[in-house]
Amino acid sequence: MSAGYADVRVEQEGGVARLILDAPERRNALTVAMARSMVDACDDLDRDPTVGAVVVCGEGAYFCAGGDRPTLAAAGEDPADPEQYDGMGDIYRAFARVGELRMPTIAAIRGGAVGAGMNLAMATDVRIVARDAKLASGFIPIGLHPGGGHGVLLGRTGAREAAAALMLFGEAVDGERFAQLGLAWAAVDTADVEAKALELAARPGADPDLARRTAASMRMELGPPAMTWNAALQLERPEQMWSMRRKAQAAAGQPSSQDA
């Protein structure tokens with residue numbers, strides 16, 4: 004796997020990779036070039052069968068301050084210009100691509116996540132957040148309509164009241180409140196954020212094949228739209244049977260088959 008991209012880098016230890024936003028001088032705000040690098044990095048991660056979990060984090064004190072202000076200003080001057088329109092599409096594609104990663108994903112949020120940074124955080128499966136981090140949609144207060152499927156990303160946790168307060172009313176919360184609202188798995192001290200995320204990631208990271216199959220099943224079941232229970236029963240059956248056979252083969256000292 005290539006470990007170097009524009010304003011993004013990937014580091015791997017065992018079955019866990021860290022996808023690191025690496026532009027701390029602008030609090031990791033997303034540019035078009037950075038967004039394209041994120042897509043490339045995700046493509047490489049998916050192609051690497053040794054990666055069973057990905058932790059998304061930011062270099063420096065801040066996770067992601069949203070879209071880069073000069074980039075947004077340029078888009079606003081002529082939104083219909085093909086280059087500007089496609090550039091915003093690339094930024095949308097970046098967090099969508101993170102959400103499509105085949106393995107379980109965790110956002111490790113220090114400092115804060117605002118606007119498109121919130122989209123990126125909510126695109127992951129789980130969030131670990133610093134207690135004192137600032138979390139905000141941030142669009143309404145600066146006179147912008149939310150983008151990137153912001154409402155779906157916030158609302159799919161089930162916390163509709165929280166999604167409305169953040170998206171429609173411009174509320175901001177700290178990490179402690181964010182976790183209480185069900186938008187993050189845990190709020191911890193800033194110094195412990197990545198350690199906690201890596202601790203969680205180590206479990207699926209130890210078995211990449213099983214982790215990827217399980218992530219695919221869970222996401223299809225929960226949606227949106229969510230599956231019925233009966234449909235989920237059928238979806239899970241071949242994957243569970245595959246895991247049973249693999250376990251039996253391992254116990255018998257036989258080579259495991261990768262076929263479901």
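The opening position of the sequence shown corresponds to residue 4 in this note's numbering, with each subsequent residue numbered one higher. The C-beta atom is built at its ideal place from N, Cα and C for all residues, glycine as well.
For residue i, which residues does DSSP report across the bridge?
{"i": "GLU14", "result": "ARG21"}
{"i": "ARG215", "result": "Paired residues: none, contrary to the question."}
{"i": "TYR65", "result": "Partner(s): none; TYR65 has no beta bridge."}
{"i": "LEU203", "result": "None, per the DSSP bridge assignment."}
{"i": "ALA110", "result": "VAL59 and ARG130"}
{"i": "TYR8", "result": "VAL11"}
{"i": "ALA139", "result": "VAL117 and ALA175"}
{"i": "GLY305", "result": "Because the chain spans 4 through 263 in this model, residue 305 falls outside it and cannot be assessed."}
For residue i, which option in the options has the closest C-alpha, if you only look at C-alpha atoms?
{"i": "ARG249", "options": "ALA136, ASP212, VAL101 and GLY70", "result": "ASP212"}
{"i": "GLY120", "options": "VAL19, ASN31, LEU22 and VAL176", "result": "ASN31"}
{"i": "ALA136", "options": "GLY154, LEU156 and ALA110", "result": "ALA110"}
{"i": "SER140", "options": "VAL11, GLY115 and THR127", "result": "GLY115"}
{"i": "PRO107", "options": "MET230, VAL58, ARG96 and GLY118", "result": "VAL58"}
{"i": "ALA194", "options": "GLY63, LEU48, ARG215 and TRP188", "result": "GLY63"}
{"i": "ALA238", "options": "ARG216, ARG50, ALA251 and PRO258", "result": "Residue identity check: residue 238 is Leu in the sequence provided, not Ala. Comparing Cα-Cα distances from LEU238 to each of ARG216, ARG50, ALA251 and PRO258, the minimum goes to ARG216."}
{"i": "LEU157", "options": "ILE131, ALA124, ILE143 and ARG180", "result": "ALA124"}
{"i": "GLY185", "options": "ASP128, GLU202, GLU28 and GLY92", "result": "ASP128"}
{"i": "GLY218", "options": "GLY55, GLU202, GLY150 and TYR8", "result": "According to the sequence as given, residue 218 is Ala; it is not Gly. Residue GLY55 is the option with its Cα nearest to ALA218."}
{"i": "ASP49", "options": "ALA214, GLY226, GLU242 and LEU225", "result": "ALA214"}
{"i": "GLY92", "options": "GLY150, LEU203 and ARG130", "result": "GLY150"}
{"i": "VAL155", "options": "THR231, ALA126, ILE131 and VAL176", "result": "ALA126"}
{"i": "ALA221", "options": "ALA26, LEU236, ASP210 and GLU86", "result": "One detail in the question is off: residue 221 reads as Met in this sequence, not Ala. The candidate whose alpha carbon is nearest that of MET221 is LEU236."}
{"i": "ALA182", "options": "CYS60, LEU138 and ALA26", "result": "LEU138"}
{"i": "ALA68", "options": "ASP47, ALA198, ASP25 and VAL196", "result": "ASP25"}
Under a Cβ-count criterion, where at least 16 other Cβ atoms within 10 Å of its own Cβ denotes burial, should residue i be classed as buried or exposed?
{"i": "ILE112", "result": "buried"}
{"i": "ASN122", "result": "buried"}
{"i": "LEU22", "result": "buried"}
{"i": "VAL117", "result": "buried"}
{"i": "ALA97", "result": "buried"}
{"i": "ALA253", "result": "exposed"}
{"i": "HIS148", "result": "exposed"}
{"i": "GLY146", "result": "exposed"}
{"i": "VAL101", "result": "buried"}
{"i": "GLY90", "result": "buried"}
{"i": "MET41", "result": "buried"}
{"i": "LEU104", "result": "buried"}
{"i": "MET247", "result": "exposed"}
{"i": "GLU16", "result": "exposed"}
{"i": "GLU14", "result": "exposed"}
{"i": "LEU171", "result": "exposed"}
{"i": "ALA20", "result": "buried"}
{"i": "ALA234", "result": "exposed"}
{"i": "ASP71", "result": "buried"}
{"i": "ALA263", "result": "Residue confidence is low: ALA263 scores 46 on pLDDT, short of 50, so the model does not pin down where it sits. Its coordinate-derived value is still stated next. Result: exposed."}
{"i": "THR34", "result": "buried"}
{"i": "GLY226", "result": "exposed"}
{"i": "LEU201", "result": "buried"}
{"i": "ALA165", "result": "buried"}
{"i": "PRO144", "result": "exposed"}
{"i": "GLY61", "result": "buried"}
Along the alpha helix (DSSP H) that carries residue i, what are the first and last residues, could you check?
{"i": "ALA60", "result": "Position check: residue 60 holds Cys in this sequence, whereas Ala was assumed. First-last for CYS60: 56 to 61, but that is the beta strand (DSSP E), not the alpha helix (DSSP H)."}
{"i": "ALA194", "result": "Element bounds for ALA194: n/a, residue is neither H nor E."}
{"i": "LEU2", "result": "Nothing about residue 2 can be reported from this structure: the residues present for the chain run from 4 to 263 only."}
{"i": "GLU28", "result": "Taken as a continuous stretch (DSSP letters only), GLU28 belongs to no alpha helix (DSSP H), as it is neither H nor E."}
Of all Cβ atoms in chain D, is any one closer than 9 angstroms to the Cβ of residue i?
{"i": "ASN31", "result": "Absent from the structure: chain D. Only one protein chain is present."}
Could you tell me the boundaries of the beta strand (DSSP E) in which residue i lies?
{"i": "GLY115", "result": "115 to 117"}
{"i": "ALA133", "result": "129 to 133"}
{"i": "ASP177", "result": "175 to 177"}
Closer than 8 angstroms to a non-hydrogen atom of the ligand PLP - does that hold for the CB of residue i?
{"i": "PRO241", "result": "The model on display carries no ligand, and the ligand PLP is accordingly not part of it."}
Could you round the C-beta distance between residue i and residue j to whole angstroms and report it? I think they count as a contact, below 8 angstroms.
{"i": "VAL191", "j": "ALA251", "result": "Wrong, their Cβ atoms sit about 39 angstroms apart, outside the cutoff."}
{"i": "ALA9", "j": "ALA36", "result": "5 angstroms"}
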